[in-house]
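Structure first, commentary second.
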Amino acid sequence: MSEKLTLSVIKADVGGFVGHSGVHVKLLERAEEMLSRSDRRHLLVDHCVAHVGDDVNLIMTHDRGVDDREIHHLAWETFEACTEVAKELKLYGAGQDLLSDAFSGNVRGMGPGVAEMEFVERKSEPVVVFMADKTEPGAWNYPIYKIFADPFNTAGLVIDPKMHRGFRFEVHDLIDAKKVSFVAPEELYDLLVFIGAPGRYCVKSVYSRELGEIAATSSTQRLNLMAGRYVGKDDPVLVVRCQSGMPAVGEVLEPFSRPHLVSGWMRGSHVGPLMPVGVADSAPTRFDGPPRVVALGFQISGGRLVGPQDFFADVAFDEARRTANQLADYLRGLGPFEPHRLHLEEMEYTTLPDVMQRLAKRFKPVEEEEDWSEESKIDA
Ligand code: 13P
Ligand code: 13P
Ligand code: MG
Ligand code: MG
0 MSEKLTLSVI KADVGGFVGH SGVHVKLLER AEEMLSRSDR RHLLVDHCVA HVGDDVNLIM
60 THDRGVDDRE IHHLAWETFE ACTEVAKELK LYGAGQDLLS DAFSGNVRGM GPGVAEMEFV
120 ERKSEPVVVF MADKTEPGAW NYPIYKIFAD PFNTAGLVID PKMHRGFRFE VHDLIDAKKV
180 SFVAPEELYD LLVFIGAPGR YCVKSVYSRE LGEIAATSST QRLNLMAGRY VGKDDPVLVV
240 RCQSGMPAVG EVLEPFSRPH LVSGWMRGSH VGPLMPVGVA DSAPTRFDGP PRVVALGFQI
300 SGGRLVGPQD FFADVAFDEA RRTANQLADY LRGLGPFEPH RLHLEEMEYT TLPDVMQRLA
360 KRFKPVEEEE DWSEESKIDA
């Protein structure tokens, strides 16, 4: 094994059980089979097949670097094999995230979500893999900010000499496909101007300024313009390294104790609270939600994924779930009104162009004289 280890998390929805709620156990078994086989071929050092909602997440370690063709191909083949099972069971949206029939060297932009980082394994290497369903990569902006830039969340920013110099944030503009970086604490306000708009600007990665190392990376990827609309936002993953100059595990989990509102609930077109849950509670039900987030902890040892520890199964997150349920109740009361429903440009589903076209002739200039009082009368 070369000195550096790569941690790759590649995920896709290849069929829901039932509807868009969960993953069928046979899909997980198939994925496990595929990855175990490649462990034996020595492509991977280790792997863990995980899931949240209707998404299958492949957590893999290897020494081939990020964006490696073989690793991406393996993930693609695994999702294809799972799609076969999904088709046989007629699971909902079988193969939904495999946007092409043929693999072209890299799964980026082909449907699956990808978060990968390469690093030299430390004396002890604790990592947290966050996986969310019914939301989008911008959902990580708020917790990433809290973890790496908010001293009220992360005590280490104030009292750990290895964290005191802060972190660098790489931010992507999903519309213009541009990137920029900001350092915290000096450029906090500039950073917030952008990442406070998570529908467009997403934190891709975070780097420790003291250690000069990657600390976190997300599955943020560029959007594609299709039929006049930007598409390609997907249920996201985030990987965070912890301790010894990085935030402590507890500091990394802390932002999720106060559920924030994210986009992507019901038909990808509604706002809802991000509810932290254990794996067993990760199938979204109510109005296909509320959006869920699971946090799996691993100690990496010689590339082996020792774990997972299912963090949000802890009772300490019961109150967060209660808050999320209360917020969900309130928002549901708004029905088809914004801000529960997303604003027009952000909705994954919309009937607006059709309805508009059908009614086009009925729209008149506001200045035009028109008396609708007569027309309004219903004849008995
Ligand atoms: P480390 O500095 O060893 O990561 O410990 C931080 C800590 O005490 C966690 O609460
Ligand atoms: P997924 O993106 O998790 O497949 O959910 C789609 C949806 O529309 C749920 O209401
Ligand atoms: Mg689905
Ligand atoms: Mg999903």
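When we follow numbering that gives the first Met the number 0, the leftmost residue of the sequence shown carries the number 0, and every step to the right adds one. All C-beta atoms in this analysis are idealised placements derived from N, C-alpha and C, irrespective of residue type, glycine included. Nothing here was measured: the structure is a model prediction, and the numbers come from that model.
Count the C-beta pairs between the segment 306-322 and the segment 338-354 that are closer than 8 angstroms, then say yes if the count reaches three, no if not. no
Tell me whether Ser35 is buried or exposed, calling it buried when 16 or more other Cβ atoms sit within 10 Å of its Cβ. Locating residue 35 in the sequence shown gives position 36, counting from the first residue. Burial call: exposed.
For review: beta carbons within less than 7 angstroms of any heavy atom in ligand 6: Ligands present in the displayed structure are limited to ligand 1, ligand 2, ligand 3 and ligand 4, and ligand 6 is not among them.
Quick check: Met116 and Val251, are their CB atoms within less than 8 angstroms of each other? As a position in the sequence shown, residue 116 is number 117, starting the count at 1. As a position in the sequence shown, residue 251 is number 252, starting the count at 1. Going by C-beta atoms, Met116 is not nearer than 8 angstroms to Val251.
Quick one: residues in its chain with C-beta nearer than 6 angstroms to the C-beta of Gly18, no 5 flanking neighbours on either side, listed in chain order? Position 19 of the sequence shown, counted from the start, is the residue given in the question as residue 18. Tyr91, listed in sequence order.
Which residues in the same chain have their Cβ closer than 7 angstroms to the Cβ of Val84, if we skip the five residues on either side of it in sequence? Walking along the sequence shown from the start, residue 84 turns up at place 85. So the qualifying residues of the chain are Lys25, Leu26, Arg29.
Identify which residue in Ala247, Pro111, Glu186, Leu333 has its Cα closest to the Cα of Ser123. Numbered from 1 along the sequence shown, position 124 holds the residue referred to as residue 123. Among Ala247, Pro111, Glu186, Leu333, the Cα nearest to that of Ser123 belongs to Ala247.
Is the beta carbon of Arg228 within less than 7 angstroms of some heavy atom of ligand 2? Taking the first residue of the sequence shown as 1, we reach residue 228 at position 229. No; taking the cut-off as 7 angstroms, the Cβ of Arg228 has no heavy atom of ligand 2 nearer than that.
If you follow the alpha helix (DSSP H) that Gln325 is in, where does it begin and where does it stop? Here residue 325 refers to the residue found at position 326 when the sequence shown is read from its first residue. Secondary structure note for Gln325: its alpha helix (DSSP H) is the uninterrupted segment 317-331.
Kindly indicate which three-state DSSP category Met265 falls into: helix, strand or coil? Taking the first residue of the sequence shown as 1, we reach residue 265 at position 266. In the structure shown, Met265 adopts helical secondary structure according to DSSP, grouped into three states.
In chain order, what residues of the same chain lie with their CB nearer than 6 angstroms to the CB of Gln298, ignoring the 5 residues before and after it? The residue labelled residue 298 in the question sits at position 299 within the sequence shown. Excluding residues within five positions, the ones whose Cβ falls inside 6 angstroms are Pro125, Val305.
May I ask you to verify whether the segment 47-54 touches the segment 127-143, counting CB pairs closer than 8 angstroms and requiring at least 3? yes
Tell me which residue opens and which closes the alpha helix (DSSP H) that Ala11 is part of. What you label residue 11 is simply residue 12 of the sequence shown in a count that begins at 1. Segment 3-11 is the beta strand (DSSP E) holding Ala11; no alpha helix (DSSP H) there.
Can the beta-carbon of Ser7 be found less than 8 angstroms from the beta-carbon of His61? On the sequence shown, residue 7 is found 8 positions in, with the first residue counted as 1. On the sequence shown, residue 61 is found 62 positions in, with the first residue counted as 1. Yes, they are a contact pair.
Might you give, ordered along the chain, the residues of its own chain that have their beta carbon closer than 8 angstroms to the beta carbon of Tyr200, omitting 5 neighbours on each side? Numbered from its first residue, the sequence shown carries residue 200 at position 201. Hits under 8 angstroms: Gly137, Asn140, Val170, His171, Asp172, Leu173, Phe193, Ile194.
Which of the three DSSP states is assigned to Thr134 in this structure? Here the question's residue 134 lines up with position 135 in the sequence shown. Coil.
Let me know the secondary structure DSSP gives Gln95 once reduced to three states. Translated into positions along the sequence shown, residue 95 becomes position 96. Secondary structure at Gln95: coil, using DSSP grouped into helix, strand and coil.
Glu254, DSSP secondary structure in three states: Stepping through the sequence shown from its first residue, residue 254 is reached at position 255. Just to set this straight, residue 254 is Pro in the shown sequence, not Glu. In this structure, Pro254 counts as helix in the three-state DSSP scheme.
Mind checking whether the beta-carbon of Gly15 lies closer than 7 angstroms to any heavy atom of ligand 3? Start at 1 with the first residue of the sequence shown, and residue 15 comes out as number 16. Under cutoff, so the answer is yes.
Within 10 angstroms of its Cβ, does Pro289 collect 16 or more other Cβ (buried), or is it exposed? The sequence position of residue 289 within the sequence shown is 290, counting from 1. It counts as buried.
Buried or exposed: which applies to Met162, given that a residue is buried once 16 or more other Cβ atoms fall within 10 Å of its Cβ? The sequence position of residue 162 within the sequence shown is 163, counting from 1. So Met162 ends up on the buried side.
How should Phe168 be labelled, buried or exposed, when 16 other C-beta atoms within 10 angstroms of its C-beta is the threshold for buried? If you number the sequence shown from 1, residue 168 lands on position 169. Phe168 is buried by the Cβ-count criterion.
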